[in-house]
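Right, one structure below, let's go through it.
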Amino acid sequence: MLRLDPDMLAALDELIARQPDPKPSRPEAVRQVLAQALGLTSVS
Numbered sequence: 001m002l003r004l005d006p007d008m009l010a011a012l013d014e015l016i017a018r019q020p021d022p023k024p025s026r027p028e029a030v031r032q033v034l035a036q037a038l039g040l041t042s043v044s
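Quick note: the sequence shown, position 41, residue 41 per full-length UniProt numbering, numbers continuous.
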């Protein structure tokens with residue numbers, strides 16, 4: 001379980017809205033951002 005403050009949650013929702021369909025879920029978007037930040041995968 002991950003809790004985000006309202007500003008961070010809004011930013012995550014904006015990121016999701018910019019993604020092509022099918023849009024990732026919030027958990028998937030967090031995984032993608034984290035993997036990219038850690039240099040584990042490339043995010044398309």
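We treat Cβ as the ideally placed atom computed from N, Cα and C, and that holds for glycine.
Restricting attention to alpha helix (DSSP H) runs no shorter than 4 residues, the UniProt domain "Ribbon-helix-helix protein CopG" (2-39) encloses them at 6-18 and 26-37, ordered along the chain. Within its own chain, no residue has a Cβ closer than 8 Å to the Cβ of residue 1 once the five positions on either side in sequence are excluded. Take residue 29, set aside five residues on each side of it, and the residues of its chain with a beta-carbon closer than 7 Å to its own are 12, 15 and 16, in chain order.
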